[in-house]
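Sequential numbering from -11 applies to the sequence shown in my numbering.
Beta carbons: idealized from backbone N, C-alpha and C, even for Gly.
Here the structure is laid out as structure tokens; the discussion comes afterwards.
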Amino acid sequence: MLNIDLHCHSTISDGILTPAQLVLRASQRGVKILALTDHDDVAGLDEACMTAVEKNITFINGVEISVSWRGRTIHVLGLNIDPNYQPLFDGLAAIRDGRTQRARNIASELEKVGIKGSFEGAFAHVGERGLIGRTHFARFLIENGHAKDMKSVFKKYLVKGKPGYAHHEWAALSEAVEWITGSGGNAVIAHPARYNLGKNVLNDLLDDFCALGGTALEVISASHTQQQVEIFAGHARTRGLMVSCGSDFHGPGESFYDLGKLPELPAGCVPVWRDWKVPRHIAVS
-11 MLNIDLHCHS TISDGILTPA QLVLRASQRG VKILALTDHD DVAGLDEACM TAVEKNITFI
49 NGVEISVSWR GRTIHVLGLN IDPNYQPLFD GLAAIRDGRT QRARNIASEL EKVGIKGSFE
109 GAFAHVGERG LIGRTHFARF LIENGHAKDM KSVFKKYLVK GKPGYAHHEW AALSEAVEWI
169 TGSGGNAVIA HPARYNLGKN VLNDLLDDFC ALGGTALEVI SASHTQQQVE IFAGHARTRG
229 LMVSCGSDFH GPGESFYDLG KLPELPAGCV PVWRDWKVPR HIAVS
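This is the structure we're talking about:
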């Protein structure tokens, strides 16, 4: 089986390793095709690509876009994108502008339950781009004894209905899919189990996604049990969607799957990379 990982994060968003360090770790673990998919930012692609070339890894330009759909937050991966496609570039910039305000709202919610200084504490974990997200708050909460690990801290504080949750309107699903496909890439629903959607709501999401031109579903993910993998593979086969696989790696000790450790795709699924003739080694201008 070809060792492929199409979902991971660097210090450009909420990962622990720089883009170059991430690629080096992937190389050490035998990854042959790697996509860097930082949240709402493509600034790390150039550094990652150059390191991948040195290590003889096929590098795929990627991004993970924050999307609002029917009052829910969904993440859509853009794989094999052209990061210089202007509507995509501008759309991501607009999303990033909203992240700081959401962070202040999260801090305000946490203060209501007696947790002070969370904005400054979370920001201390932010990388050089200043892109703040829930993972940075999670690290602050863990280091201050409010939870023991990433799984428990999100469940206790940072998901809908919990003390540190703050609703935010992201890009529309239609916009994200249009930016990705317009750039020549594949739009992929990331870690669908994470959204805890009932059967009918999941079908509605997939209906809308397919109608808008979405092309793939992330079936293999650290968020998925084997049973969920089979369920999502069934949805993909039924709807003619391709499938993707990704560790959602953020750093050593924080991720269920390390780079290079993903299980095989289920039988009968069409991989999203099937039609990638020449990977896009395009530097970000």
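What residues in its chain sit with their C-beta under 6 angstroms from that of residue i, if we drop five residues either side in the sequence?
i: residue 263; result: none
i: residue 35; result: 7 and 8
i: residue 201; result: 165 and 169
i: residue 62; result: 55
Note down, in chain order, each residue of its chain lying with its Cβ closer than 7 angstroms to the Cβ of residue i, except the 5 sequence neighbours on either side.
i: residue 155; result: none
i: residue 91; result: 107, 110 and 120
i: residue 117; result: 0, 29 and 31
i: residue 185; result: 193
i: residue 13; result: 5 and 247
i: residue 253; result: 207, 208, 231, 233 and 259
i: residue 216; result: 181
i: residue 225; result: 256 and 257
For residue i, count the other beta carbons within 10 Å of its own beta carbon; 16 or more makes it buried, fewer makes it exposed. Which is it?
i: residue -11; result: exposed
i: residue 87; result: buried
i: residue 213; result: exposed
i: residue 96; result: exposed
i: residue 52; result: buried
i: residue 174; result: buried
i: residue 163; result: buried
i: residue 268; result: Since pLDDT at residue 268 reaches only 48, below the 50 mark, its modelled position is unreliable, and no value is offered.
i: residue 28; result: buried
i: residue 191; result: exposed
i: residue 75; result: exposed
i: residue 265; result: exposed
i: residue 68; result: buried
i: residue 255; result: exposed
i: residue 178; result: buried
i: residue 228; result: exposed
i: residue -7; result: buried
i: residue 85; result: exposed
i: residue 257; result: buried
i: residue 149; result: exposed
i: residue 210; result: buried
i: residue 199; result: exposed
Judging by CA-CA distance, which residue of the options is the nearest neighbour of residue i?
i: residue 176; options: 234, 4, 1 and 16; result: 234
i: residue 21; options: 37, 202 and 28; result: 37
i: residue 19; options: 255, 252, 248 and 193; result: 248
i: residue 182; options: 142, 161 and 105; result: 142
i: residue 30; options: 245, 219, 83 and 256; result: 83
i: residue 167; options: 44, 73 and -2; result: 73
i: residue 15; options: 2, 26 and 46; result: 46
i: residue 25; options: 17, 64, -9 and 44; result: 64
i: residue 113; options: 2, 44, 218 and 230; result: 2
i: residue 102; options: 132, 140 and 127; result: 132
i: residue 115; options: 89, -2, 222 and -9; result: -2
i: residue 157; options: 187, 89 and 198; result: 89
i: residue 223; options: 128, 188 and 245; result: 188
Taking the Cβ atom as the reference point for each residue, do residue i and residue j lie within a distance shorter than 9 angstroms?
i: residue 205; j: residue 145; result: no
i: residue 203; j: residue 260; result: yes
i: residue -4; j: residue 23; result: yes
i: residue 232; j: residue 208; result: yes
i: residue 135; j: residue 55; result: no
i: residue 151; j: residue 104; result: no
i: residue 78; j: residue 49; result: no
i: residue 220; j: residue 180; result: yes
i: residue 122; j: residue 94; result: yes
Which residues in the same chain have their Cβ closer than 8 angstroms to the Cβ of residue i, if we skip the five residues on either side of it in sequence?
i: residue 4; result: 238, 239, 240 and 242
i: residue 153; result: 94, 97, 145, 146 and 147
i: residue 57; result: 160, 161, 193 and 196
i: residue 137; result: 130
i: residue 172; result: 68, 69, 70, 73 and 268
Consider the C-beta atom of residue i and the heavy atoms of the ligand PLP; say whether any pair is separated by less than 8 angstroms.
i: residue 35; result: In the structure shown, the ligand PLP is absent, as is every other ligand, since no ligand is present at all.
- Run through the region 42 to 127 for me and flag every whole beta strand (DSSP E) of 3 or more residues, listed as ranges in chain order. 46 to 57 and 60 to 67
- What residue ranges within the region 159 to 221 form continuous beta strand (DSSP E) runs of no fewer than 3 residues, ordered along the chain? 174 to 177 and 204 to 209
- Which parts of the region 2 to 41 are runs of the beta strand (DSSP E), unbroken and 3 residues or longer, counting only runs that do not cross its ends? 21 to 24
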